[in-house]
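Inspection log for the structure reproduced underneath, given as structure tokens.
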Amino acid sequence: MNKQSPVQLQSADSPVLRALAASGLPTEEFSQMTGPLGATPKETIYAQGTLKLQHFKPLADSVYRVPVLIVTSLVNQPYILDLVPGQSMVEHLLRQGFDVYMIEWGRPRREHATLKLEDYVLDRLPRCVERVLEHAGESELSIIGYCVGGLLSVLYAALHPETPLKNLVCMATPVNGDGLESLKAWMAPDFDEEALIEQYGNVPAEWVQNTLRALRPFGKLAGAMSLLNQIDNAEVVRSNLRMGRWETDNVPFPGGVFRQMVNDFLRANKLVRDEWVLGGKRVSLSNIRMSLLHLLAQDDHITPYASSRDLVPMAGSRDKQELIIKGGHVGLVAGRGAQTRMWPALEAWLAPRSV
Amino acid sequence: MSTELDWNKLSPLAIWRDWLVKSETQWSESLTALLKDPQASSLVKRQVDEMRMAHRQFSEVAQASLAAANLPSRNDFEALDERLGRLEDGLAHVTAQLSLLREAMVSTGAIPPAAKPARNRKPTVAKKV
Numbered sequence: 000m001n002k003q004s005p006v007q008l009q010s011a012d013s014p015v016l017r018a019l020a021a022s023g024l025p026t027e028e029f030s031q032m033t034g035p036l037g038a039t040p041k042e043t044i045y046a047q048g049t050l051k052l053q054h055f056k057p058l059a060d061s062v063y064r065v066p067v068l069i070v071t072s073l074v075n076q077p078y079i080l081d082l083v084p085g086q087s088m089v090e091h092l093l094r095q096g097f098d099v100y101m102i103e104w105g106r107p108r109r110e111h112a113t114l115k116l117e118d119y120v121l122d123r124l125p126r127c128v129e130r131v132l133e134h135a136g137e138s139e140l141s142i143i144g145y146c147v148g149g150l151l152s153v154l155y156a157a158l159h160p161e162t163p164l165k166n167l168v169c170m171a172t173p174v175n176g177d178g179l180e181s182l183k184a185w186m187a188p189d190f191d192e193e194a195l196i197e198q199y200g201n202v203p204a205e206w207v208q209n210t211l212r213a214l215r216p217f218g219k220l221a222g223a224m225s226l227l228n229q230i231d232n233a234e235v236v237r238s239n240l241r242m243g244r245w246e247t248d249n250v251p252f253p254g255g256v257f258r259q260m261v262n263d264f265l266r267a268n269k270l271v272r273d274e275w276v277l278g279g280k281r282v283s284l285s286n287i288r289m290s291l292l293h294l295l296a297q298d299d300h301i302t303p304y305a306s307s308r309d310l311v312p313m314a315g316s317r318d319k320q321e322l323i324i325k326g327g328h329v330g331l332v333a334g335r336g337a338q339t340r341m342w343p344a345l346e347a348w349l350a351p352r353s354v
Numbered sequence: 000m001s002t003e004l005d006w007n008k009l010s011p012l013a014i015w016r017d018w019l020v021k022s023e024t025q026w027s028e029s030l031t032a033l034l035k036d037p038q039a040s041s042l043v044k045r046q047v048d049e050m051r052m053a054h055r056q057f058s059e060v061a062q063a064s065l066a067a068a069n070l071p072s073r074n075d076f077e078a079l080d081e082r083l084g085r086l087e088d089g090l091a092h093v094t095a096q097l098s099l100l101r102e103a104m105v106s107t108g109a110i111p112p113a114a115k116p117a118r119n120r121k122p123t124v125a126k127k128v
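These protein sequences, in sequence, are chains A and B.
Note that numbering that gives the first Met the number 0 has the first sequence beginning at 0, numbered continuously upward.
Note that numbering that gives the first Met the number 0 has the second sequence beginning at 0, numbered continuously upward.
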């Protein structure tokens, strides 16, 4: 647990301080109000380029045999899954007795603009899987993938039928490009993705952020209004500030991956058509044969149901399940509802399959 | 205090904000539906191209002006960010190598293994979901 006491602002004349005090909130700086994010104790056990494979310090006396590897998104910071104690999916899994590892992809630099999906699903991810098994001393593992991280996990599972993957849990994972109607319309064939890549190398984080915001144009305004109506609840304000800080902390999209996502995933919709070839191998969802759980958010504007509903029916797994949980894309994993709905559902599904 | 709470509930601003939050989904859906129209999409693409070009032109002008004033530009900060990123990656690589070294030393008996929780946990929920 973080024992840091919040630092008090010195200037008593600050209008921010006065407003906070008038609202009955502690007069802390906003950065202190959010607390240190992603602070669950961990150790880097593998690194490759910007990638870091983290192993979280277990928080239970005994752990399940099968370790869990969390695959995060390429365009968001991984700490959304480990915000602060009490609002952390990672911490919850650790307390329930899972041995948890996490891939942090890092911020791509200009030199990484040529990275493609093949680099992630045929090289980096398999190496991380190998390292997790070596570190845990086990022969099988579970993967939990969120959003684009879920898509990477799906591609990995489909391309490695002989994988040591025992369980695959996807959270808000898009597989059908046609279901991402807005993105598909905005990135229709006359959208010049090459000019963007040529100018920036990687798609800048601001572009990623603005695009995601445009999917729900008044969402930010509504969030601010809702917060004002709950200003007397300090914990709600803190939670909101944490999420807000994460939402504005995007990561650039590697140029090569962006090109593939626009051309192959969105425009040609190759994944559900069984036409996607990566590294000379055809990606077939029917090759996914391990136990599969897909956790979806009911009001997900980033990964709408039309884009995610095909995963479970198309997967070749015999043991497969789809669970739709109340909430939005981010609330699914980190909101107050996640704690009462999604995390227990995940644990109930994964625990019996991790022995 | 209950009086404050009642007043807050009766506040016209709070009621208006509440209405705004409740109707936000419809507003957002209406606008995104409009943006899916091919003509609106062309407009979006045009805006993106214009912003990209404007950014490039502004960067060139700003960089020249800042260099003349002996001040760092955004490009300089990005270059610094990249160097720091490389340093961070280097440190992570060293940490990972140390982790491997420690495991190797444990396997040869040079150092005692760290205490680890037993990997024999059983679920309390017996039935699969």
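The beta carbon of each residue, even a glycine, is placed where N, CA and C say it ideally should be.
Item: What residue range is occupied by the uninterrupted beta strand (DSSP E) comprising Val131 of chain A?; Value: That residue, Val131 of chain A, is in no beta strand (DSSP E); its alpha helix (DSSP H) goes 124-135.
Item: Is there contact between the region 59-72 of chain A and the region 79-97 of chain B, where contact requires at least three CB pairs shorter than 8 Å?; Value: no
Item: Measuring CB atoms only, is the region 43-59 of chain A touching the region 79-88 of chain B, in the sense that at least three cross pairs come out at less than 8 Å?; Value: yes
Item: Sort A:Val128, A:Arg108, A:Leu52 by Cα distance to Glu77 of chain B and report the nearest one.; Value: A:Arg108
Item: Just verifying my parser: in three-state terms, what is the DSSP assignment at Ile79 of chain A?; Value: helix
Item: Would you mind giving the Cβ-Cβ distance between Gln198 of chain A and Arg55 of chain B, rounded to the nearest angstrom? I have them listed as a contact below 8 Å.; Value: 6 Å
Item: Can you have a look at Asp80 of chain B and say buried or exposed, based on whether 16 or more other CB atoms are within 10 angstroms of its CB?; Value: exposed
Item: Among A:Pro163, A:Thr162, A:Gly105, A:Val153, which one has its Cα closest to the Cα of Leu83 of chain B?; Value: A:Gly105
Item: Nearest CA to the CA of Ala194 of chain A: which residue from B:Trp26, B:Ala13, B:Met50?; Value: B:Met50
Item: Any beta carbon from chain A within less than 8 Å of Ser27 of chain B's own beta carbon?; Value: yes
Item: Measuring CA to CA, which of B:Pro37, B:Ser29, B:Ser10, B:Leu30 is closest to Phe190 of chain A?; Value: B:Pro37
Item: Listed in chain order, which residues of the region 51-62 of chain A have Cβ atoms closer than 7 Å to some Cβ of chain B?; Value: Lys51, Pro57, Ala59, Asp60, Ser61, Val62
Item: Does the separation of the CB atoms of Met313 of chain A and Val271 of chain A fall below 8 Å?; Value: yes
Item: Under 8 Å, Cβ to Cβ, is there at least one residue of chain B near Gln338 of chain A?; Value: no
Item: Output yes if chain A places a C-beta closer than 8 Å to the C-beta of Asp17 of chain B; else output no.; Value: yes
Item: The alpha helix (DSSP H) with Gln229 of chain A in it runs from where to where?; Value: No alpha helix (DSSP H) contains Gln229 of chain A, which DSSP labels as neither H nor E.
Item: What does Asp189 of chain A touch in chain B if you count any residue whose Cβ is under 8 Å from its own?; Value: Ser41, Lys44
Item: With a threshold of 8 Å, are at least 3 pairs of Cβ atoms found where one atom belongs to the region 206-223 of chain A and the other to the region 19-30 of chain B?; Value: yes
Item: Which runs of the beta strand (DSSP E), 3 residues or longer, sit entirely within the region 64-121 of chain A?; Value: 67-70, 99-103
Item: Are there 16 or more other CB atoms within 10 angstroms of the CB of Val202 of chain A, so buried, or fewer, so exposed?; Value: buried
Item: Hey, does Val354 of chain A have any beta-carbon neighbour from chain B nearer than 8 Å?; Value: yes
Item: According to DSSP, what are the bridge partners of His54 of chain A?; Value: A:Glu42, A:Tyr100
Item: Can you find the residues in the same chain that come closer than 8 Å, C-beta to C-beta, to Val261 of chain A, ignoring five residues on each side of it along the sequence?; Value: Met186, Phe190, Glu192
Item: Could you check if Lys355 of chain A is buried or exposed, using at least 16 other CB atoms within 10 Å of its CB as the buried criterion?; Value: No statement about residue 355 of chain A is possible, as the shown extent of chain A runs from 0 to 354 and does not include it.
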